[in-house]
Amino acid sequence: MDALGLSELRHLKPRQLLSQVLNFALILSTAFMLWKGLSVATDSPSPIVVVLSGSMEPAFQRGDLLFLWNRNLELDNPSTPGTQVGEIVVYNVAGKNIPIVHRVVRKHQGPKTPLHLLTKGDNNHADDTELYARGRWYLDREKEVIGSVVGYVPFVGYVTIMLSEHPWMKTALLGIMGLLVIVQRE
Amino acid sequence: MAARPKANLYALSGLKNTSDDSIAPYLKSKGWKQNHTLTDVRLVLGFSAVTIAGSTFYYDYTLGFDKTKVMTLYAVIAYFVINTVLTWWIWGMEGGKVYVGSKDGVTITISSHTEKHSPIYHLKIVSQSLKQKPTTTEAESPFTSWFDTQGFLVEKPFMTFISNSIPSMAATTPEGQHLKPKTKPKSTKRA
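Protein chains in written order, with UniProt numbering: chain G, 1 to 186; chain E, 1 to 191.
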């Protein structure tokens, strides 16, 4: 037994282990909280979405990253316009977590009653009535639409498409990141 | 895991970290009691921020966005406030300190640093006895003094360097008496 006490280094020191774990956890939680902060600021459950289909070509291509803003409902104030015909909105297919990015072609009712929107993809022949919930012919702006598009970055979202089509990549990526952070002490 | 600490001879951060890690066990064997307050506060701050993030994630996942909107807003604000405090703590309070401990009424704080691309280990030791003004000692030595060609840390020369650098130890420990110190500690009053 090493009388000089340095053999203790062989054993894992709890504080050092906790510090390394904390570093990794802070990276994950900061990324998550930034996302949540953006979500609260835009009032949208998903402030950044990726275009999954080609139904909005040539305006948006598959893989484009879109930035959403969900504070333009203006439902109670008749003098401000709110969502207009011609705006591009994002909503989820009834019951599924698939975001659809299409243009508003008609709107009904509002501002004091729920605002109803009819949407259609630029590159589609028919409007979206088939995608809405059973028996519904319009979207409820407040309840079903998660935001309207205010900006975009082309191509960048393709990584997300790859990650969702090959879910093992997500685990691999997280695993590699975690390993690097815990092993390095830069 | 090697029984003896080993570092990558070419990476300055590895040399410094291995040396830093070796200070605490050595001093413990000499009867110093380590004070973990700085580390503990950092861990508490950090894990409370992570807990906030974790519970935000949990409630958002189970209850959905609309119900948790207000709570999420407060959580985000709290998280970034704690994170700012944590960053200040790490940079301002902990910055560079690798050991805080006390023995026989003397409290020492050891900070270490290296200059970019220069393989010299700089130590700054602030030593405070009861009811006396704190004194600052600086010492430096190249890493080659205690790392062998394979990267293992050789204990004897490292311990000699440490004990020679700490004023209360230099006078009393055997390592200090028999071996000629490689470096002269400079006593300064620089903060």
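Note that CB positions come from ideal geometry on N, CA and C, so glycine has one too.
Query - Contacts that phenylalanine 47 of chain E makes with chain G (C-beta to C-beta distance below 7 Å) - result: Leu22
**Report entry** Three-state secondary structure assigned by DSSP to phenylalanine 158 of chain E
**Finding:** helix
Query - Length-filtered (4 minimum) alpha helix (DSSP H) runs lying within the region 73–139 of chain E - result: none
Query raised in the report: Between valine 93 of chain G and the rest of its own chain, which residues show a CB-CB distance below 7 Å, the 5 nearest in sequence each way excluded?
Result: Ile100, Leu131
Query raised in the report: Which chain E residues are close to lysine 36 of chain G, counting only those with a beta carbon under 8 Å from its beta carbon?
Result: Thr56, Asp60, Thr72, Ala75, Val76
Query raised in the report: Taking any Cβ of chain G, which residues in the region 85–104 of chain E have a Cβ under 7 Å from it, in chain order?
Result: none
Query raised in the report: Ordered along the chain, which non-local residues of its own chain (more than five positions away) have a Cβ less than 8 Å from that of isoleucine 182 of chain G?
Result: Gln20, Val21, Asn23, Phe24
Requested in this report: Would you kindly report the start and end of the unbroken alpha helix (DSSP H) that includes leucine 22 of chain G?
Outcome: 14–42
**Report entry** Cβ of glycine 12 of chain E within 8 Å of any chain G Cβ
**Finding:** Rather than glycine, the amino acid found at residue 12 of chain E in this sequence is leucine. It does not: the Cβ of leucine 12 of chain E has no partner Cβ on chain G nearer than 8 Å.
Query raised in the report: For valine 153 of chain G versus leucine 68 of chain G, is the C-beta distance shorter than 8 Å?
Result: no
Report task. Alpha carbon to alpha carbon, how far is tyrosine 99 of chain E from phenylalanine 32 of chain G? Give it in angstroms, no decimals. Result -> 33 Å
Query raised in the report: Three or more beta-carbon pairs under 8 Å between the region 124–137 of chain E and the region 92–106 of chain E, yes or no?
Result: yes
Requested in this report: Compare the C-beta of serine 29 of chain G against all C-beta atoms of chain E and say whether one is closer than 8 Å.
Outcome: yes
**Report entry** Contacts that alanine 25 of chain G makes with chain E (C-beta to C-beta distance below 7 Å)
**Finding:** Val50
Report task. May I have the straight-line CA-CA distance separating alanine 7 of chain E from leucine 38 of chain G, to the nearest angstrom? Result -> 42 Å
Query raised in the report: Going by Cα to Cα distance, which pick from G/Ser164, G/Thr119, G/Arg136, G/Leu180 is closest to glutamate 87 of chain G?
Result: G/Thr119
**Report entry** Backbone CA spacing between arginine 62 of chain G and glycine 157 of chain G [nearest angstrom]
**Finding:** 8 Å
Requested in this report: Answer with buried or exposed for valine 154 of chain E, where buried requires no fewer than 16 other C-beta atoms within 10 angstroms of its C-beta.
Outcome: exposed
Requested in this report: For leucine 139 of chain G, name the three-state secondary structure that DSSP assigns.
Outcome: strand
**Report entry** Proximity of glutamate 94 of chain E and arginine 42 of chain E at Cβ, strictly below 8 Å
**Finding:** yes
Requested in this report: Taking 8 Å as the threshold, find out whether the region 127–141 of chain G comes into contact with the region 41–48 of chain G through three or more Cβ pairs.
Outcome: no
Query - Classification of methionine 169 of chain G by the beta-carbon crowding that lies within 10 angstroms, buried from 16 upward - result: exposed
Query raised in the report: Which residue comes first and which comes last in the alpha helix (DSSP H) that contains lysine 170 of chain G?
Result: 168–183
Requested in this report: Please confirm whether phenylalanine 80 of chain E and proline 119 of chain E have their CB atoms less than 8 Å apart.
Outcome: no
Query - DSSP state of leucine 63 of chain E mapped onto helix, strand, coil - result: helix
Query raised in the report: Listing by chain order, which chain G residues have their CB less than 9 Å from the CB of leucine 43 of chain E?
Result: Arg15, Leu18, Ser19, Leu22
Report task. Tell me, to the nearest whole angstrom, how far the beta carbon of aspartate 127 of chain G is from that of valine 105 of chain G; I am working on the premise that it is less than 8 Å. Result -> 6 Å
Query raised in the report: From the beta carbon of tyrosine 79 of chain E, is the nearest beta carbon of chain G less than 8 Å away?
Result: yes
Query raised in the report: From the DSSP output, which residues share a beta bridge with valine 104 of chain G?
Result: G/Thr119
Query raised in the report: By a C-beta neighbour count over all protein chains shown, 10 Å radius and 16 as the cutoff for buried, is aspartate 66 of chain E buried or exposed?
Result: exposed
Query raised in the report: In or out: leucine 180 of chain G buried (at least 16 other Cβ within 10 Å) or exposed?
Result: exposed
Query - With 16 other Cβ atoms within 10 Å as the buried cut-off, status of tryptophan 91 of chain E - result: exposed
**Report entry** Enclosing alpha helix (DSSP H) for glycine 147 of chain G [first to last residue]
**Finding:** Taken as a continuous stretch (DSSP letters only), glycine 147 of chain G belongs to no alpha helix (DSSP H), being part of the beta strand (DSSP E) at 145–153.
Query - Per-residue contacts from lysine 6 of chain E into chain G (C-beta, under 7 Å) - result: The contacting residues do not exist; lysine 6 of chain E stays about 10 Å from chain G at best.
Query raised in the report: According to DSSP, is tyrosine 132 of chain G helix, strand or coil?
Result: coil
Requested in this report: May I have the straight-line CA-CA distance separating alanine 49 of chain E from alanine 78 of chain E, to the nearest angstrom?
Outcome: 8 Å
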